[in-house]
Amino acid sequence: MVSCVRVWLNRTYAENVFFMDQLRRNPSDRAVEIHATHGDPDSPVLAAADTAELEPEGLSPAAYVEYALAQCERRGIDVFVPRLHQAAIVAHRAEFEAAGTALLAPPPEAVAVFRDKVIAYEAVQAIGVPVPPWWRVRSADELVAAVEELEGRGHRACLKPASGAGGVGFRVITRAPFSLTQLSGFPSPYVPLDLVLDAVRRADEPVDWLVMPRLEQPEVSVDCLTGPDNRIRLAVGRTKNGRRRGFTLHEQWLEPARRIAEGFGLHYLSNIQFRMLGERPVLMDVNTRPAGGLHQLSLCGVNVPWAAVRLALGEDPGEMAPPFLGQDYTVVSGPRPLRPVSLPQQRADAAALDAVPAPAAPVEPRTAAAPGRLSASSADTAAGAPA
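Be aware that the sequence shown starts at 1, since it is given in the UniProt record's numbering, and climbs by one per residue.
Okay, here's the thing in structure tokens:
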């Protein structure tokens, strides 16, 4: 009898309910049990898991590693997919291996390179991957100089945190004064330069931003599956142009993604994003974790989460190629079950949740974004916003 595989996802994105669904629908006869932890009792990943509990708040990275090791030992975790405190966790890979747990994450050296976007741009540029011009900005004067340089080259300037993920903090700089235009309709990523400068000058500590040109669509996110031998097993691009989504195997996207994934040892799952600067694609960002939209590759006939778990367990799936490319699509949202209503003291009683298995979640209906025909989301139309 084939043993069950225990997989843990810590404080991850809501979209990873679909990652969990794909693990359970793996093409082998291997049973998968999923453990999930989160800081939000209403995260849908807790309800979708077989067992779930709330994470303690306020832990330092070092304390979180101790918490994670205890979880793995107590739960018998075979494969741990860390998102929160990934850098601290991968630095202790040997301790997790001693506990019988494989980490589905790159080595610490690779994670360190891509935690800081400036270091990442310098590193990938050194291996020949095109990047946009950028300035690291920590003061109002540096911001003005960067914006003026970009505008002088005919670009519209944007800013984002030097360290961050998911498009958090992304803004497009405008010279237009603040007016009722900014207060009508949906919130906009555009922000007047004078307001930004005033906020920076009044701040108690320096900012740490990357200022660069606003890059144009299409955006292509290349999902990569890379073995611990630094060899790519699968690379597929997901294209985004407004609401329209699709897939590509064009080498102008896949070749630089492979160069990055293999050159820096981005083992297991990574997501490498490109956009257009004029007529050429340039690197936008590198994620050393599974993308929230990874499940969309199921439209191409591949189960990438399961292939990654097999790699982590030492079972090489070999080189993979999608048997076909799915048709263009968009994303929609719908309801997804949650755990029973939480009581005010639920966080204080988190230990009690440990003994309560999460209710089985049906595959349908869904809450997080899933492929469909129409999109009710305005987020995809935010100009230049990274995925």
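Glycine included, each C-beta is placed from N, C-alpha and C at the ideal position.
query	result
Sequence-distant residues of its chain with Cβ nearer than 8 Å to A87 (five each side left out)	P61, P108, V111, A112, R115
heavy atom of the ligand NAD below 8 Å from D21 C-beta	The ligand NAD is not part of this structure, which contains no ligands at all.
Delimiting residues of the beta strand (DSSP E) encompassing R171	171–174
Bounding residues of the beta strand (DSSP E) (the contiguous stretch that carries D285)	280–287
8 Å contact criterion, which W8 and I77 should meet: CB distance rounded	5 Å
Stretch-stretch touch, CB-based, cutoff 8 Å, three pairs: the stretch 228–237 with the stretch 316–329	yes
Nearest neighbour of N13, chosen from V286, H267, L54, L84 [CA to CA]	The amino acid at residue 13 is misidentified as Asn; the sequence shows Tyr. Residue L84 is the option with its Cα nearest to Y13.
Candidates V32, L54, A31: closest to D42 by CA position	L54
Buried versus exposed call for I127 [16 or more other C-beta atoms within 10 Å across all chains shown]	exposed
Length at least 3, wholly inside the stretch 172–198: the beta strand (DSSP E) runs in chain order	190–192
H155 versus R214: straight-line alpha-carbon distance, rounded	7 Å
Backbone CA spacing between L195 and P206 [nearest angstrom]	16 Å
Cβ neighbours of M212 in the same chain (closer than 6 Å, five flanking residues each side left out)	P132, W134
Other residues of its chain near A162: CB distance less than 7 Å, five sequence neighbours each side excluded	D116, K117, V118, R136, D208, W209, L210
Coil, strand or helix - C72 by DSSP	helix
Whole-angstrom C-beta distance between L225 and A321, which should lie under 8 Å	11 Å between Cβ atoms; not a contact.
3-residue-minimum beta strand (DSSP E) runs that sit fully inside the stretch 208–246, ordered along the chain	209–213, 216–226, 232–241
Coil, strand or helix - Y13 by DSSP	coil
For I272, the three-state DSSP class (helix, strand or coil)	strand
Every unbroken beta strand (DSSP E) within the stretch 100–173, with a cutoff of 3 residues, ordered by chain	135–137, 157–161
Helix, strand or coil at F80 according to DSSP, with G and I counted as helix	strand
Same chain, Cβ closer than 6 Å to E216, five either side skipped, listed in chain order	M276
Neighbourhood of V282 by C-beta, 8 Å cutoff - its chain only, sequence neighbours within 5 removed	P130, V131, P132, L215, F274, R275, M276
Reduced DSSP secondary structure (H/G/I, E/B, other) of L23	helix
Reduced DSSP category for L266 - H, G, I as helix; E, B as strand; rest coil	coil
T174, buried or exposed, once every other Cβ within 10 Å from all chains shown has been counted against 16	buried
For E33, three-class secondary structure by DSSP	strand
Classification of Q327 by the beta-carbon crowding that lies within 10 angstroms, buried from 16 upward	exposed
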